Every structure is written in C-alpha cells, then in structure tokens.
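Take 1 as the starting number for the sequence shown in full-length UniProt numbering and just add one per residue.
Note that beta-carbon positions come from the ideal geometry of N, C-alpha and C, so glycine has one too.
Note that the structure is predicted; figures quoted are calculated from it, not measured.
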Amino acid sequence: MKETYKRVVSAIIGTILLLLIVSKGNVYLNTGVFIVSIIGLREFYIAIRKIETNPLSYIGYLCTLLIYLSNFYPEINIEFILTLSIILSLIIYLFSKKILLKDIGVTFVGILYIPFLFSYINYLENSIYIWLIFIISFGTDTFAYLGGRFLGKNKLWPEISPNKTIEGAISGIVGSTVLTVIFAFFIEEKSIYLLMILAIIVSTFSQIGDLIASKIKRSTKLKDYGHIMPGHGGVLDRFDSIILGAPLIYYYINYFLN
C-alpha cells in the first residue's frame with residue numbers, strides 16, 4: 001500500500017511538471033529534455049560499469065550539453081557534435097592505458113541511445129503532435145500494466161521481463177490507440193486513421209524500448225536504474241518507452257501528416 005501511494009503521488013507530481021514544461025515549450029522544454037537526458041545517461045553509464053566496461057562518461061555528458069546548446073545555436077549540429085566527440089575519444093584512447101575500444105563503443109551507444117533519441121522531443125516543440133509522444137508512451141505503460149494485472153496469463157518474454165504478459169502488451173496497444181483517437185477528436189484532426197496507425201506502431205516500439213531497457217538491467221543485475229522517482233525508479237525506468245517513440249512520431253508526422 002505504501003509503495004502504491006508513493007507511485008501515485010510521484011506520478012501526479014511528474015504529470016503536473018510534464019504538463020507545465022511541454023505547455024511552456026522553448027527553453028523550458030529544451031532544458032527539461034536536457035535534464036532527463038543527462039540523468040538518464042548517468043544511470044546508463046553506472047549500469048554498464050557493472051559489466052566490466054569503463055565508458056568515457058565526460059564525453060557523453062559533453063555531447064549531451066552540446067545537443068542541448070544546439071537548440072539555441074544552429075551551427076552546433078549533430079555532425080559537429082559527433083566529429084568532436086569521436087576525435088576527443090580517440091585522443092584519450094591513444095594516451096590512456098586503461099581505456100579500451102569497447103569503452104569508446106559503449107560511450108557512443110549511451111550517447112545515441114539516450115540524449116540523441118530524446119532530442120527528437122525538441123523537434124516537435126511547436127507542434128500539437130508533441131503530446132502524442134507522452135499520450136502513446138505513458139498510455140501504453142498504464143494500459144499494459146492494468147491489462148497484465150487483470151488479464152495477464154501468458155508471459156511475453158520471461159527471460160527479459162518476467163512480469164510482462166502478452167495480454168498486457170495488447171492492452172497497451174489498444175488503450176494507447178483509444179487515447180490517441182480521443183486526442184484526435186479533441187484537436188479536430190481529420191486524419192484519424194493515420195493517427196491510429198501511428199499509435200499502434202509507436203505503442204509497439206515503446207514496449208520494445210521498455211524491453212531493451214529491461215535487458216540492459218538484467219545483464220547488469222540491476223532492479224532499477226535509480227531512485228529519483230519514488231515508486232518508479234530512475235529516469236530510464238520511467239522514460240524508456242519514449243526513447244524509441246519520439247523519433248518515430250517525428251518522422252511519421254513529417255512524412256504522412258505535414
């Protein structure tokens with residue numbers, strides 16, 4: 001009961017903050033994405049160190065900062081960020097006896113996996129469709145949890161995530177699609193069927209993103225990535241479903257709805 005109370009209170013506070021930040025947009029949204037990215041990347045690097053790797057965390061944090069600054073300075077683009085970070089990493093590798101090539105590799109996996117994919121949220125800051133990132137991802141999480149709790153009988157992938165069920169996964173897709181249809185009516189969207197297809201695709205990949213994060217946790221023998229969100233764990237525990245969802249929504253909207 002105490003754990004449920006913490007989850008509910010934490011979710012309410014988080015939802016209020018999310019609504020405020022996304023509604024304000026601009027520097028508030030960019031800064032919010034930056035904070036989530038830097039904390040999430042730190043959680044990832046801490047986890048990865050448990051399997052005998054030594055990521056260049058300062059390179060990762062520098063890239064995250066540069067991705068944030070690119071919102072205000074267009075000349076700081078992704079090509080510049082990756083080029084600079086690759087050069088710095090190779091120089092460090094040259095002069096260090098402790099850094100291995102696998103350490104550089106996992107450093108860039110973290111950069112591309114977290115701050116780079118999270119940055120797609122910023123690309124939709126002036127679009128009403130930005131809300132779909134959170135509606136579909138969090139809707140999937142919520143309905144998958146409820147569906148699994150009340151209907152779940154068949155395990156989805158027990159080796160990776162023992163608590164997830166096929167019924168829960170289907171409930172997540174159905175529930176998030178219904179929420180997307182409601183959103184479409186609310187904004188008077190004419191292409192409802194296109195949004196329904198988007199919801200099904202993103203909900204599926206949101207759950208894949210969840211499974212990826214779960215596999216990393218399992219391989220590093222972690223229960224949670226952190227404790228920053230009481231009852232929910234770390235940033236990656238809560239936002240793992242957004243990581244793959246945000247870029248998918250961005251490209252889908254640009255190709256099919258704009």
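Next item on the list: Give every residue of the same chain whose Cβ lies closer than 8 Å to the Cβ of G110, excluding the five residues on either side of it in the sequence, and list them in chain order.
Entry: L41, F44, Y45, I48, P55 and G60
Check: Which full runs of the alpha helix (DSSP H) of 4+ residues lie inside the stretch 40–84, going along the chain?
Finding: 57–69
Checklist line | C-beta contact flag for F138 and I67 at 8 Å | finding: no
Checklist line | Neighbour-count burial assignment, F150, 16 or more Cβ in a 10 Å radius | finding: exposed
Note to self: Restricting to Cα atoms, I'd like to know which of P230, E75 and N258 is closest to R7.
What the structure shows: Sorting P230, E75 and N258 by C-alpha distance to the C-alpha of R7 places P230 at the top.
Check: Got a sec? Which residues, its chain only, sit under 8 Å from S219 by beta carbon, not counting five neighbours each side?
Finding: I51
Next item on the list: List the whole-angstrom C-beta distance separating N154 from T165, where the pair is believed to meet the contact cut-off of C-beta under 8 Å.
Entry: 6 Å
Check: Is it the case that the Cβ atoms of I136 and T180 are separated by a distance below 8 Å?
Finding: yes
Checklist line | Uninterrupted alpha helix (DSSP H) stretches inside the stretch 132–198 (no shorter than 4 residues) | finding: 166–186
Next item on the list: Please list, in chain order, all residues of the same chain as I104 whose beta carbon is under 7 Å from its beta carbon, the five residues on each side excluded.
Entry: L56, S89 and Y93
Check: Per DSSP, G233 forms a beta bridge with which residues?
Finding: Paired residue(s): M229.
Next item on the list: Please look up how many angstroms separate the CB atoms of I133 and I249, rounded, as I've assumed it's under 8 Å.
Entry: 6 Å
Check: So what does DSSP say about G25, is it helix, strand or coil?
Finding: coil
Item checked: Contact belief for I192 with A184 at Cβ below 8 Å, rounded distance in angstroms -> 5 Å
Note to self: Distance check for S96 and Y58, CA to CA, integer angstroms please.
What the structure shows: Their backbone Cα atoms lie some 15 Å apart in a straight line.
Item checked: the stretch 67–83 contacting the stretch 27–36, beta-carbon criterion three pairs below 8 Å -> yes
Note to self: Can you check which of these residues, I21, I35 and V22, is closest to I228 by C-alpha distance?
What the structure shows: I35
Margin query: Using the three-state DSSP reduction, which class does Y93 fall into: helix, strand or coil?
Written below: helix
Item checked: Cα-Cα separation between E188 and G209, rounded to whole angstroms -> 30 Å
Check: So, F118 versus V33, is the Cβ gap smaller than 8 Å?
Finding: Their beta carbons are under 8 Å apart, which means F118 touches V33 by this criterion.
Next item on the list: Whole angstroms is fine: what's the gap from I130's alpha carbon to N254's?
Entry: 12 Å
Check: Do A246 and Y120 come within 8 Å of each other at the CB atom, strictly closer than that value?
Finding: yes
Note to self: Measuring straight from C-alpha to C-alpha, what distance separates A213 and D237?
What the structure shows: 8 Å
Margin query: In whole angstroms, give me the CA-to-CA distance for A144 and T31.
Written below: 30 Å
Margin query: Using a Cβ-Cβ cutoff of less than 7 Å, which residues in the same chain neighbour S161 once the five nearest sequence positions on both sides are dropped?
Written below: L211 and S214
Item checked: Residues near S37 in its chain [Cβ-Cβ closer than 8 Å; skip 5 each side] -> T64, I67, Y68, I114, P115, F118 and S119
Next item on the list: Would you mind stating whether Q207 and S241 have Cβ atoms separated by less than 8 Å?
Entry: yes
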